[in-house]
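What follows is a single structure, written as structure tokens, with notes after it.
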Amino acid sequence: MAAKSARKSPAAKKAATPRKPRRKKAEAKSRGLSPAEVASDSVEYPTELLEAVREDGGEVLGVYRDPLGGHPVVFSVLPIDKVEPTPYQRDVSEPHVKRLASAMERLDRFLDPVIAVRKDGRYWTPNGNHRLHASRMLGAKAIVALVLPEEDVAYQILALNTEKAHNLKERSLEVVRMYRGLVGARRQGPETAFAHLFEEPAFITLGAAYEQRPRFSAGAYHPFVKVVEDFLDTPLEDALPLREARAKRLLELDDAVVAVVDALKERGLQSPYLKNLVVARINFLRFRKDGGKPDFDATLDRLLASARKFNVDKVRREDLGRMGGGPLEPDEDSV
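Listed below in structure tokens is the structure:
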């Protein structure tokens with residue numbers, strides 16, 4: 001009798017995959033400060049910041065320690081023309097600003113302070129850009145802010161920003177702008193030292209591509225870029241040109257893929273998933289069995305060669321139907 005196939009079923013493969021250990025739930029009331037400790041006068045006052053807020057035309061309403069880490073926070077009201085978004089965060093959503101302004105106007109209240117850090121006599125808000133724009137739309141003179149003494153917090157606090165969910169384009173642009181901000185500030189250290197700020201190395205490269213081509217459809221390329229990218233053990237200033245060069249290569253691949261998509265459209269095939277289908281067909285990494293990290297340039301060389309010799313005659317309408325139900329993002333230029 002023939003031996004049974006040794007291939008594992010999908011369920012068996014899933015069971016064999018090691019799972020990340022679950023985060024242990026903290027014991028109730030085991031961390032941070034009590035209400036009395038938060039409001040305690042024993043907090044070390046950031047005197048220079050208090051004086052600067054007043055010199056800038058603002059008023060200090062109080063100082064407290066945040067209840068989780070005990071860091072000092074200055075509760076202030078600032079002249080609204082002194083407050084601006086950090087230069088590296090995502091673009092503002094005008095519809096969101098209008099909805100927020102309408103809600104604030106109906107309530108006739110501003111109840112959610114922005115976060116701010118002082119920078120050269122101005123105040124950057126990494127979490128509050130839409131509230132800031134809505135307040136300006138309503139003609140406000142001042143805005144209430146939680147001013148933090150540490151400028152570096154502005155680079156980290158974007159992860160807490162929940163005013164509006166990020167899509168891939170927004171997150172990528174935010175990361176590359178943050179990257180440029182760090183380079184401009186002459187921050188020392190390799191890219192790996194700032195990994196906690198960037199979250200994912202692919203965002204840097206994709207963000208640089210979006211800067212060069214705002215209509216770039218990164219959703220089709222993100223799955224394999226995540227595989228080939230890693231944080232570089234290279235100083236930020238030197239790593240940035242490398243990221244820009246990689247972005248340029250991605251756009252070169254995008255041009256080749258778009259040429260295939262145009263050829264498919266000429267054959268009468270229409271779908272917002274055409275680009276995803278083409279990229280999926282040429283993505284040889286799907287069949288990779290070893291766990292090593294593929295080289296970025298070697299991968300792009302191979303993908304480019306596959307795109308340039310793509311046989312459009314082998315694409316059938318039913319192939320597009322199968323793409324429609326998958327998790328891939330549709331081509332931004334087709335919707």
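For the sequence shown, this note's numbering assigns the number 1 to the initial residue and increments by one for each residue that follows.
For each residue, glycine too, the CB sits at the ideal point set by N, CA and C.
The structure displayed is predicted, hence computed values, not measured ones.
Selection from the options that minimises the alpha carbon distance to residue i
| i | options | result |
| --- | --- | --- |
| residue 180 | 54, 27, 241 and 112 | 241 |
| residue 175 | 277, 275 and 198 | 198 |
| residue 119 | 95, 128 and 151 | 151 |
| residue 260 | 291, 309 and 299 | 309 |
| residue 344 | 48, 81 and 138 | Outside the modelled stretch of the chain, which goes from 1 to 335, sits residue 344, for which no answer is possible. |
| residue 95 | 70, 131 and 279 | 131 |
| residue 229 | 243, 29, 56 and 216 | 243 |
| residue 246 | 73, 205, 186 and 275 | 205 |
| residue 269 | 320, 124 and 207 | 320 |
| residue 298 | 213, 250 and 312 | 250 |
| residue 314 | 281, 305, 55 and 258 | 281 |
| residue 254 | 292, 238, 124 and 275 | 275 |
| residue 75 | 39, 87 and 106 | 39 |
| residue 45 | 311, 112, 72 and 116 | 72 |
| residue 35 | 24, 70 and 49 | 70 |
| residue 283 | 291, 304, 293 and 263 | 304 |
| residue 47 | 127, 311, 149 and 124 | 149 |
| residue 212 | 288, 248, 293 and 224 | 248 |
| residue 50 | 37, 117, 127 and 271 | 117 |
| residue 55 | 123, 30 and 112 | 123 |
Close beta carbons around residue i, own chain, < 6 Å, minus the five adjacent residues each side
| i | result |
| --- | --- |
| residue 68 | 32 |
| residue 121 | none |
| residue 59 | 77 |
| residue 57 | 79 |
| residue 306 | 282 |
7 Å CB neighbourhood of residue i in its chain, flanking five on each side removed
| i | result |
| --- | --- |
| residue 169 | 210 and 218 |
| residue 129 | 85, 89 and 92 |
| residue 207 | 172, 173, 175 and 176 |
| residue 87 | 177 and 181 |
| residue 279 | 220, 221 and 257 |
| residue 24 | none |
| residue 105 | 138 |
Element boundaries [beta strand (DSSP E), containing residue i]
| i | result |
| --- | --- |
| residue 125 | 122-127 |
| residue 109 | Where residue 109 is concerned, there is no enclosing beta strand (DSSP E), given that its DSSP letter is neither H nor E. |
| residue 144 | 142-148 |
| residue 75 | 72-79 |
| residue 85 | 83-85 |
Inter-residue CB distance, residue i and residue j (contact presumed, cutoff 8 Å)
| i | j | result |
| --- | --- | --- |
| residue 232 | residue 191 | 4 Å |
| residue 145 | residue 114 | 5 Å |
| residue 135 | residue 110 | 6 Å |
| residue 53 | residue 147 | 6 Å |
| residue 226 | residue 200 | 7 Å |
| residue 203 | residue 285 | No, residue 203 and residue 285 are not in contact; Cβ-Cβ is about 19 Å, not under 8 Å. |
| residue 125 | residue 83 | 6 Å |
| residue 312 | residue 239 | Wrong, their Cβ atoms sit about 38 Å apart, outside the cutoff. |
The alpha helix (DSSP H) enclosing residue i, as first and last residue numbers
| i | result |
| --- | --- |
| residue 59 | Run containing residue 59: none in the alpha helix (DSSP H); it sits in the beta strand (DSSP E), 59-65. |
| residue 312 | Here residue 312 belongs to no alpha helix (DSSP H), and DSSP marks it neither H nor E. |
| residue 269 | Counting along the chain, residue 269 falls outside any alpha helix (DSSP H), and DSSP gives it neither H nor E. |
| residue 226 | 222-228 |
| residue 198 | 195-198 |
| residue 210 | 201-212 |
| residue 68 | No alpha helix (DSSP H) holds residue 68; DSSP gives it neither H nor E. |
| residue 24 | Per DSSP, residue 24 belongs to no alpha helix (DSSP H) and is neither H nor E. |
Residues near residue i in its chain [Cβ-Cβ closer than 8 Å; skip 5 each side]
| i | result |
| --- | --- |
| residue 317 | 269 |
| residue 337 | The shown model of the chain, from 1 to 335, leaves out residue 337, and the question about it has no answer. |
| residue 187 | 194 and 236 |
| residue 295 | 228 |
| residue 325 | Bear in mind that a pLDDT of 42 at residue 325, under 50, signals an unreliable position, so the number given afterwards is only what the model happens to contain. Taken in chain order, the list of residues that qualify is empty. |
Interface flag, residue i vs chain D, CB-CB below 8 Å
| i | result |
| --- | --- |
| residue 296 | This model lacks chain D altogether, as it is built from one protein chain only. |
Kindly confirm or deny that the segment 50-68 and the segment 101-110 touch, where touching means at least three C-beta pairs closer than 8 Å. Counting Cβ pairs under 8 Å, fewer than three are found: no touch.
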